[in-house]
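The next block holds one structure in the form of structure tokens; read it before the comments.
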Amino acid sequence: MFTSTRGQIPPTPIDVALVAGLAPDGGLYVPGAFPTVDFSAPAGSLAETATRTLAPYFTGSALRDRLPAICAEAFSFDAPLRALAGPGDHVLELFHGPTAAFKDYAARFLARALEGLRDPAAPDTTIVVATSGDTGAAVASAFHRRPGFRVVILYPDGRVSPRQAHGLGCWGDNVAAYRVAGTFDDCQRLAKQALADDALRARHPLGSANSISLGRLLPQAAYYAHAASHFLAARGETLNVIVPTGNLGNACAAFVARSMGAPVGEIRLACNGNDTLPRYFAGDDYAAQPTRATLANAMDVGAPSNFERLRHWHANDDALRAGFVAESVDDATIRAVIRDAPARHGEVPCPHTATALKLLQDLRAAGDARPWAVVATAHPAKFESVVEPLVGHAVEPPPLLAEGLARPARAEALAADYDALRAILAR
Ligand SMILES: *Cc1c(COP(=O)(O)O)cnc(C)c1O
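Everything in the sequence shown is counted per the numbering used here, starting at 313 for the first residue and increasing by one.
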């Protein structure tokens with residue numbers, strides 16, 4: 313059963329929590345307690361680890377018997393842990409999915425779960441997604457051609473990379489992309505307004521797929537459990553991880569994996585110039601900041617939405633601060649890390665992954681000799697306009713991303729105005 317971070321709801325079954333997204337008291341759904349799983353004998357495939365990790369949450373679900381099939385589909389591409397050039401240095405590659413970012417795993421899981429829970433007689437559900445680039449593409453890909461769903465993507469015009477824009481507009485069918493004359497915050501405001509519009513929702517069912525959804529949080533624990541359990545079996549050591557962090561969904565998933573018994577060691581948070589978390593973990597009171605645009609745009613978050621979960625899982629601020637280190641990496645440093653990474657690490661990182669590499673470099677400089685995995689959240693080819701000039705050569709897109717880039721893309725212009733969005737949703 314699931315509770316809310318705000319504690320004002322009765323114990324809630326997972327199927328209700330998955331469909332609702334946000335808890336009715338305005339909080340975020342959390343497991344009533346973390347089940348423990350024996351990860352000492354690693355599973356053969358990522359999909360098997362995912363099934364093992366998620367099964368305890370789905371014992372009372374209508375999806376229980378279908379869980380292995382859902383995991384097989386959602387986790388159909390690997391998340392390899394590869395050694396980098398330095399001793400103990402590793403990278404956990406989460407970018408082998410159709411949109412070349414880690415969000416593919418959870419979006420694919422959520423889409424299949426919601427499809428499985430859907431009443432076939434109900435009218436189609438429109439998933440409204442505001443995106444700064446990566447979420448929208450992963451959600452579009454995951455729901456593309458899924459019967460019973462359509463997807464409306466809102467992204468800030470001119471503020472995503474050219475390849476990200478292509479990845480949002482290349483789907484067609486039941487997916488429509490809108491380039492909004494405004495910022496990401498405008499897009500998010502519009503999406504929230506729609507989800508709060510009860511009159512609209514009464515006739516046109518809406519859904520969300522943002523990073524606070526349990527259906528995105530829980531599946532992400534699988535790749536940490538998989539990598540860490542294999543690492544322990546092969547090397548006898550606990551794997552520490554550095555997670556490029558925006559809304560804290562991915563880092564919370566590492567925490568979930570560890571809380572369930574996966575041999576994940578320390579979790580460090582690599583942030584860009586949006587330094588809400590580094591300030592908090594350095595001892596300041598928590599204070600959301602206005603969002604700042606950086607080279608690592610998928611981490612441009614001033615009010616990390618999953619912070620409320622992390623805080624909930626610790627007795628008080630001191631306990632939380634004792635558990636994590638968070639550091640901010642500015643754009644100049646991101647550029648320097650990308651430029652030097654091929655020689656230093658044998659790797660071309662995306663700007664997000666570069667923030668985590670910087671934290672790794674600092675750890676090594678301070679004499680830390682433990683094994684670390686830098687979490688590679690996106691493929692560098694997705695951010696070619698940043699990466700290619702720095703490394704001095706073209707970065708080839710992986711095959712699935714290239715497929716999307718080969719299709720035509722289109723996005724309609726939309727004013728940052730709720731009436732314009734409402735008209736589209738009421739169609
Ligand atoms: C979404 C995203 C992040 C941030 O992940 P959170 O779960 O929001 O912390 C980091 N890197 C990339 C490439 C992303 O798409």
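Glycine included, every Cβ here is placed at the ideal spot set by N, Cα and C.
Whole-angstrom distance between residue j and residue i, CA atom to CA atom
i, j, result
"G372", "A434", "23 Å"
"E578", "S357", "24 Å"
"A605", "F567", "27 Å"
"S525", "L330", "7 Å"
"A450", "L713", "11 Å"
"P603", "A413", "Checking the displayed sequence, the identity of residue 603 turns out to be Thr instead of Pro. Rounded to the nearest angstrom, the two C-alpha atoms are 21 Å apart."
"Y369", "V703", "44 Å"
"C499", "S520", "13 Å"
"S444", "A610", "6 Å"
"D597", "S316", "23 Å"
"P531", "A419", "9 Å"
"A537", "D731", "45 Å"
"G727", "V492", "The residue asked about is misnamed: residue 727 is Ala in this sequence, not Gly. Distance between the alpha carbons of A727 and V492: 6 Å."
"F407", "T689", "6 Å"
"T550", "V576", "6 Å"
"L632", "G460", "41 Å"
"R719", "T411", "13 Å"
"H516", "D390", "37 Å"
"A599", "L393", "35 Å"
"E360", "A384", "8 Å"
"R528", "A569", "14 Å"
"V441", "V487", "11 Å"
"V328", "Q320", "16 Å"
"P336", "P322", "10 Å"
"F543", "D497", "40 Å"
"D485", "G716", "14 Å"
"D269", "F636", "In the structure as shown, the chain begins at 313 and stops at 739. Residue 269 is therefore absent and cannot be evaluated."
"P616", "L622", "10 Å"
"R647", "G428", "44 Å"
"P474", "P661", "18 Å"
"A506", "G344", "30 Å"
"A545", "L379", "26 Å"
"A594", "A386", "37 Å"
"C482", "F455", "13 Å"
"L512", "R430", "19 Å"
"A655", "A514", "57 Å"
"R462", "I736", "12 Å"
"R580", "P432", "43 Å"
Among the options, nearest to residue i - alpha-carbon criterion
i, options, result
"H657", "H664, P663, V649", "V649"
"A706", "P692, G716, R719, H408", "P692"
"L518", "H408, T437, F421", "T437"
"A725", "G470, G527, A594, L581", "G470"
"R364", "A721, L671, P616, G573", "G573"
"L502", "A738, D729, I736", "D729"
"F346", "L675, H456, A565, V555", "A565"
"P325", "G333, F314, A332, R318", "F314"
"D612", "T495, A488, D350, G409", "T495"
"N522", "A332, L396, I554", "A332"
"R424", "V699, P590, A374", "A374"
"A638", "P343, L671, A353", "L671"
"E659", "A397, A508, R580, G409", "A397"
"A685", "L733, P590, P616, A563", "A563"
"R676", "E700, E696, D642, I554", "I554"
"G448", "R458, R457, P432, A477", "A477"
"A540", "L334, R318, D350", "D350"
"P533", "A678, D446, V687, L589", "At residue 533 the sequence reads Ala, which differs from the Pro that was named. A533 has its Cα closest to that of V687, out of A678, D446, V687, L589."
Supposed close pair residue i, residue j - CB separation, criterion 8 Å
i, j, result
"G548", "N618", "About 32 Å separates the two Cβ atoms, so there is no contact after all."
"D587", "S640", "4 Å"
"L426", "A452", "So it is not a contact: roughly 14 Å between Cβ atoms."
"P663", "A608", "4 Å"
"F421", "I382", "7 Å"
"G339", "E620", "7 Å"
"T645", "P556", "The Cβ separation is near 13 Å, so there is no contact."
"T667", "N584", "6 Å"
"D509", "R734", "7 Å"
"A723", "Y490", "6 Å"
"H624", "V342", "6 Å"
Query - Continuous beta strand (DSSP E) assignments of at least 3 residues falling wholly in the stretch 521–561 - result: Listed in chain order, they are 551–556.
Report task. Go through the stretch 435–466 residue by residue and report every complete run of the alpha helix (DSSP H) that reaches 4 residues or more, in order. Result -> Within the stretch 435–466, the complete alpha helix (DSSP H) runs of at least 4 residues are 446–455.
Report task. Ignoring anything shorter than 3 residues or poking outside the stretch 357–442, list the beta strand (DSSP E) runs there in chain order. Result -> Listed in chain order, the complete beta strand (DSSP E) runs (minimum 3 residues) inside the stretch 357–442 are 393–395, 401–405, 437–442.
Query - Any beta strand (DSSP E) of 3 or more consecutive residues that is wholly inside the stretch 611–677 - result: Counting only runs of 3 or more, we get 637–640.
Requested in this report: Identify every run of the alpha helix (DSSP H) within the stretch 677–716, keeping only runs that are complete inside it and at least 4 residues long; order them along the chain.
Outcome: Listed in chain order, the complete alpha helix (DSSP H) runs (minimum 4 residues) inside the stretch 677–716 are 696–703.
Requested in this report: May I have a chain-ordered list of the alpha helix (DSSP H) segments no shorter than 4 residues that lie completely inside the stretch 458–518?
Outcome: The stretch 458–518 contains these whole alpha helix (DSSP H) runs: 474–481, 496–507, 510–515.
Query raised in the report: At what residue ranges does the stretch 316–358 contain a whole run of the beta strand (DSSP E), taking only runs of 3 or more?
Result: Listed in chain order, they are 341–343.
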